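The next block holds one structure in the form of structure tokens; read it before the comments.
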Amino acid sequence: MHTVVVVGGSLAGLRAAETLRQERFDGRLVLVGAEERLPYDRPPLSKQLLAGKVDVDQVSLCPSDRLAELNLDLHLGRRAVALDLAGRSVELDGGERIGFDGLVIATGASPRQLPGVPPLDGIHLLRTLDDCLAIRADLDRVVTGGGGVVVVGAGFIGSEVAATCHGAGAGVTVLEALATPLSKALGEDMGAACASLHHDNGVDLRTGIGVSGFHGRHRVEGVLLADGTTVEAELVVVGVGVKPNTDWLASSGLEVHDGVVCDSTLHAAPNVVVAGDVGRWHNPLFGAEMRVEHWTNAAEGGMAAARSLLAGVDAAEPYAPVPYFWSDQYKTKIQFVGHVHHADDVRVVDGSVDERKFLALYEHAGRLVGALGFSRPKLVLQCRRFIAERLSVDEALSQLT
Ligand SMILES: Cc1cc2nc3c(=O)[nH]c(=O)nc-3n(C[C@H](O)[C@H](O)[C@H](O)COP(=O)(O)OP(=O)(O)OC[C@H]3O[C@@H](n4cnc5c(N)ncnc54)[C@H](O)[C@@H]3O)c2cc1C
Numbered sequence: 030m031h032t033v034v035v036v037g038g039s040l041a042g043l044r045a046a047e048t049l050r051q052e053r054f055d056g057r058l059v060l061v062g063a064e065e066r067l068p069y070d071r072p073p074l075s076k077q078l079l080a081g082k083v084d085v086d087q088v089s090l091c092p093s094d095r096l097a098e099l100n101l102d103l104h105l106g107r108r109a110v111a112l113d114l115a116g117r118s119v120e121l122d123g124g125e126r127i128g129f130d131g132l133v134i135a136t137g138a139s140p141r142q143l144p145g146v147p148p149l150d151g152i153h154l155l156r157t158l159d160d161c162l163a164i165r166a167d168l169d170r171v172v173t174g175g176g177g178v179v180v181v182g183a184g185f186i187g188s189e190v191a192a193t194c195h196g197a198g199a200g201v202t203v204l205e206a207l208a209t210p211l212s213k214a215l216g217e218d219m220g221a222a223c224a225s226l227h228h229d230n231g232v233d234l235r236t237g238i239g240v241s242g243f244h245g246r247h248r249v250e251g252v253l254l255a256d257g258t259t260v261e262a263e264l265v266v267v268g269v270g271v272k273p274n275t276d277w278l279a280s281s282g283l284e285v286h287d288g289v290v291c292d293s294t295l296h297a298a299p300n301v302v303v304a305g306d307v308g309r310w311h312n313p314l315f316g317a318e319m320r321v322e323h324w325t326n327a328a329e330g331g332m333a334a335a336r337s338l339l340a341g342v343d344a345a346e347p348y349a350p351v352p353y354f355w356s357d358q359y360k361t362k363i364q365f366v367g368h369v370h371h372a373d374d375v376r377v378v379d380g381s382v383d384e385r386k387f388l389a390l391y392e393h394a395g396r397l398v399g400a401l402g403f404s405r406p407k408l409v410l411q412c413r414r415f416i417a418e419r420l421s422v423d424e425a426l427s428q429l430t
């Protein structure tokens with residue numbers, strides 16, 4: 030392999046590039062990224078950076094001297110617009126083509142927007158550092174001048190934004206279409222446990238309610254709800270999920286179906302691998318196809334994809350991680366490991382939901398498949414290992430310390 034092109038200049042793409050160099054790939058390494066900025070970390074965008082507790086330069090993923098050591102051919106602020114699989118080239122906006130022997134697809138995901146949102150100031154999505162800075166400026170305005178914050182969507186990112194805005198001193202209302210937030214990701218009972226954090230902290234969480242519109246002249250003044258009522262708002266953050274960035278692959282011949290479909294070694298085609306939020310792969314540990322939208326999978330998947338590319342499609346190892354994510358809300362660290370199936374049995378085995386400090390285990394077909402912790406970091410990480418070892422819940426319980 031002489032030239033490897035990595036498309037996507039964020040966590041998965043950077044980890045792939047670093048791993049290629051660590052594994053002694055010394056050919057031309059091209060990194061194409063649609064954002065102008067050098068790779069930065071997204072989790073602080075709904076937490077410390079939004080709260081003003083860290084600065085922009087503290088969220089960098091790679092100091093410039095380390096980036097220089099990677100000897101990358103950097104194309105930042107450039108978007109890949111097409112992939113020619115047979116001709117082995119990527120086309121960039123502006124028409125330039127870059128040929129490759131190996132390709133890493135790491136284009137991540139973009140936030141979904143609600144239909145029919147008017148072009149009013151003060152209504153935001155959150156994915157990029159610039160989105161975060163724009164929200165922060167409006168949050169400062171709300172905190173000093175009064176007015177409310179509305180967060181649409183009580184998923185992890187929406188809930189973190191709500192917690193951060195509340196911590197800054199703003200009055201916050203969270204609107205959630207589901208009867209129980211996060212019930213699809215964690216099940217009804219654990220979704221309700223997450224919802225309780227908003228109630229505990231005096232944030233007005235309204236569930237089972239849709240948004241029917243917004244009002245305001247130049248700037249948003251309120252959100253209209255499906256039941257005919259209005260919530261006043263100077264700042265609205267919409268957090269209703271993401272969609273994988275696959276438009277540029279539409280005519281490539283790769284299989285795309287809520288993500289780029291790849292095999293268990295992360296290959297979407299010979300010499301083409303996929304990493305991070307954009308990839309959908311078969312995880313042999315759970316016998317399930319999955320696409321994971323969390324930090325650890327982007328980091329670990331980026332490394333695994335690079336190794337897989339170098340090994341080649343026939344010799345590559347399956348990528349079989351136990352997915353992990355965390356979310357910091359108010360004073361609680363929520364952590365989840367594993368993969369939830371629809372029919373899982375969930376048991377609280379340590380602490381209690383009422384105390385907001387507990388460990389809950391998810392069981393499927395006799396096996397431990399997931400664990401959710403509220404402020405139980407040590408136990409959750411032990412469970413990650415137990416799930417990888419395919420232990421039953423009883424076996425895991427006997428080994429938890
Ligand atoms: C506000 C926020 C908070 C989060 N907090 C947590 C958390 O607490 N815990 C957790 O586990 N996870 C968290 N996450 C999720 C985590 O950050 C993501 O899973 C991770 O960023 C995914 O990395 P990625 O490299 O796959 O994709 P992305 O980070 O989406 O990066 C993809 C990059 O590719 C670029 N790109 C897209 N299309 C093209 C193209 N055609 N050509 C060139 N470049 C392109 C994009 O501009 C982007 O820079 C959070 C995410 C956000 C947004």
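For the sequence shown, this note's numbering assigns the number 30 to the initial residue and increments by one for each residue that follows. Backbone N, C-alpha and C fix where the C-beta goes; we use that ideal spot for every residue, glycine too. Nothing here was measured: the structure is a model prediction, and the numbers come from that model.
Please state if the CB of P352 and the CB of V375 are separated by a distance shorter than 9 Å. Here residue 375 refers to the residue found at position 346 when the sequence shown is read from its first residue. Here residue 352 refers to the residue found at position 323 when the sequence shown is read from its first residue. No. Outside cutoff.
From the beta carbon of Q87, is the nearest beta carbon of chain D less than 9 Å away? Among the chains in the structure shown there is no chain D, since it carries only a single protein chain.
Please report the straight-line C-alpha distance between G237 and E205, rounded to a whole angstrom. What you label residue 237 is simply residue 208 of the sequence shown in a count that begins at 1. What you label residue 205 is simply residue 176 of the sequence shown in a count that begins at 1. Taking the straight line from one Cα to the other gives about 6 Å.
Distance check for G182 and N274, CA to CA, integer angstroms please. Within the sequence shown, residue 274 is the residue found at index 245, counting from 1. Within the sequence shown, residue 182 is the residue found at index 153, counting from 1. Roughly 21 Å separates the two Cα atoms.
If V171 sits next to V119, beta carbons under 8 Å apart, how far is it from one beta carbon to the other, in whole angstroms? Stepping through the sequence shown from its first residue, residue 171 is reached at position 142. Stepping through the sequence shown from its first residue, residue 119 is reached at position 90. Not quite, the Cβ-Cβ distance comes to about 43 Å (not below 8 Å), so this is no contact.
Residues in the same chain with beta-carbon distance under 6 Å from A297, minus the five sequence neighbours each way, listed in chain order, please. If you number the sequence shown from 1, residue 297 lands on position 268. Counting only Cβ-Cβ distances below 6 Å, and skipping sequence neighbours, we find L283, V289, C291 and V303.
Please work out which residues of its chain come closer than 6 Å, Cβ to Cβ, to G187, disregarding the five sequence neighbours upstream and downstream, and give them in chain order. Indexing the sequence shown from 1 puts residue 187 at position 158. Hits under 6 Å: V180 and G268.
Burial state of T294, where buried means 16 or more other Cβ atoms lie within 10 Å: Against the sequence shown, residue 294 aligns to sequence position 265. So T294 ends up on the buried side.
Quick check on DSSP: helix, strand or coil for R44? What you label residue 44 is simply residue 15 of the sequence shown in a count that begins at 1. If DSSP states are grouped into helix, strand and coil, R44 belongs with the helices.
Assuming contact is defined by CB atoms lying nearer than 9 Å, are E308 and L40 in contact in what I supplied? Indexing the sequence shown from 1 puts residue 308 at position 279. Indexing the sequence shown from 1 puts residue 40 at position 11. Note on residue identity: the sequence assigns Gly, not Glu, to residue 308. In this structure, L40 does not lie closer than 9 Å to G308 by Cβ.
Proximal residues to A255 (C-beta, below 8 Å), its chain only, five neighbours per side dropped: Sequence index remark: in the sequence shown, residue 255 carries index 226 (1-based). Cβ within range, chain order: I238, G239, V240 and S241.
My output table needs one value for G137: the three-state DSSP class, helix, strand or coil. Taking the sequence shown and counting its residues from 1, the one referred to as residue 137 is at position 108. Residue state, collapsed to three classes: coil.
Bridge partners for N432 per DSSP, in chain order? No answer is possible for residue 432: the residues shown for the chain start at 30 and end at 430.
According to DSSP, what are the bridge partners of A222? For the purposes of this step, residue 222 is taken as the residue at position 193 of the sequence shown. The partner list for A222 (beta bridge, DSSP) is empty, contrary to what the question assumes.
Is W310 near ligand 1, in the sense that its beta carbon is under 8 Å from a heavy atom of that ligand? Reading the sequence shown from its first residue, position 281 is the one you call residue 310. Every heavy atom of ligand 1 is 8 Å or more from the Cβ of W310, so no.
Going by C-alpha to C-alpha distance, which of H368, V409 and P147 sits closest to H244? Numbered from its first residue, the sequence shown carries residue 244 at position 215. Here the closest residue by C-alpha is P147.
Check whether the region 41-53 touches the region 325-334, taking contact to mean three or more Cβ pairs, one atom from each stretch, closer than 8 Å. yes
What does the alpha-carbon distance come out to for the pair H227 and V378? Residue numbering aside, residue 227 sits at position 198 when the sequence shown is read from its first letter. Residue numbering aside, residue 378 sits at position 349 when the sequence shown is read from its first letter. Their Cα atoms are separated by approximately 23 Å.
Comparing the CB of L132 with every heavy atom of ligand 1, is any distance shorter than 8 Å? To locate residue 132, count along the sequence shown from 1; it is residue 103. Answer for L132: no, Cβ out of range of ligand 1.
When we look at the beta-carbon of T430 and count the other beta-carbons within 10 Å, is it buried (16 or more) or exposed? The residue given as residue 430 occupies position 401 in the sequence shown. Answer is exposed; the Cβ neighbour count stays below 16.
Between which two residues does the beta strand (DSSP E) holding A166 run? What you label residue 166 is simply residue 137 of the sequence shown in a count that begins at 1. Where A166 is concerned, there is no enclosing beta strand (DSSP E), although the alpha helix (DSSP H) it sits in stretches over L158 to G174.
Should S421 and L388 be called a contact, given that it needs their Cβ atoms to be closer than 9 Å? By one-based count along the sequence shown, residue 421 stands at place 392. By one-based count along the sequence shown, residue 388 stands at place 359. For S421 and L388, no; Cβs fall outside 9 Å.
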